[in-house]
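Working notes, beginning with the structure itself.
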Amino acid sequence: MGLRQSLRVAAGALLLACGLQFAHANSDPQTIVFGVAPGPYGDMVKQAIAPTLKEKGYKVVVREFSDYVQPNMALSNGSIDANLFQHTLYFEKFTADKGLKLTKLIVVPTAGMGFYSRKINSLDELKKGDIITLSNDPTNLARGLRFLQSIGLITIKDNIDPTKASERDIASNPKGLVFKRAGSGTAAAHAGWRDRRAG
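Just so you know, the sequence shown maps onto residues -25 to -1, 1 to 174 in mature numbering (1 follows the signal peptide of the UniProt record, and there is no 0).
Structural data, given as structure tokens:
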């Protein structure tokens, strides 16, 4: 199933949820307010989900947030009807840590990890002391470290839960890379003032 088709299925699931259990963020039940964080998710809603919902007679409002915390808090307090921005591990940890009673309706494809730089064109060009920017939230930090391990830049200690890894769990760092943290929604922007960004 392609991405667009997956998102249309998500729109159908959302319609079902709206009919059964939505606490609307506004007084018009025909309007659905989506919360999205930086990244591709706003485009997913606007280009794939919204057209399907509009065909069914719904108006779609997209509310963009600047970080990965606000969309879940807004959903919890009822100021939005749905959000799209997170993978399952992040959702489960965040809702457990904050004591939120949110329901995962459907899983859509998660954006892949990437390694971005304005200074180099190949991993071979990395030098000792180069700075790698990672996400500052625990689940995406661990995801970024697993990605760096998968491309051979670091290794993580064997006895560590890979979903909870942090910098202190790095067993080897042969290039002597330096790790800094930034918000998940803004980490890619740091590729200019820091050396690279993973995740």
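Just so it is clear, CB atoms sit at the ideal spot from N, CA and C, and this is done for glycine as well. Note that this is a predicted model, so its numbers are computed, not measured.
Selection Leu80, Lys73 and Gly127 evaluated against Ser51 yields Lys73 as nearest (Cα-Cα). CA-to-CA, the gap between Val83 and Glu142 works out to about 29 Å. In this structure the region 121 to 132 does not touch the region 59 to 76; the number of beta carbon pairs closer than 8 Å is below three. Using a Cβ distance threshold of 8 Å, Pro113 and Lys68 count as a contacting pair. With a cutoff of 8 Å on beta-carbon distance, Lys155 and Lys103 are scored as not near each other.
Non-local C-beta neighbours of Glu39 in its own chain, meaning closer than 7 Å and more than five positions away in sequence, comprise Val11 and Gly17, ordered along the chain. The residues Gly104, Asp105, Ile106 and Ile107, in chain order, have a CB closer than 8 Å to that of Val153 in the same chain once the five nearest residues on each side in sequence are set aside. Per DSSP, Lys73 lies in no beta strand (DSSP E); the unbroken alpha helix (DSSP H) holding it starts and ends at Thr63 to Lys73. Gly17: member of the alpha helix (DSSP H) spanning Tyr16 to Met19, first to last residue. Taking each of Tyr43, Phe9 and Tyr91 in turn and checking the Cα distance to Val37, the smallest one comes out for Phe9. Here Ile131 carries a strand assignment [DSSP, helix/strand/coil]. The alpha-carbon separation between Leu128 and Ser92 amounts to approximately 15 Å. Under a 10 Å Cβ-count criterion, Thr27 is classified as buried, with 16 or more other Cβ atoms of the shown protein chains found around its own Cβ.
Rounded to whole angstroms, the separation of the alpha carbons of Ile7 and Phe60 is 16 Å.
According to the DSSP secondary-structure assignment, Glu39 is paired through a beta bridge with Val11. Beta-bridge annotation (DSSP): Asn58 is paired with Gly10. In the displayed model, Ile24 falls within a helix according to three-state DSSP. Restricting attention to Asp42, Val35 and Gln22, the CA atom closest to the CA of Asn115 is found in Asp42.
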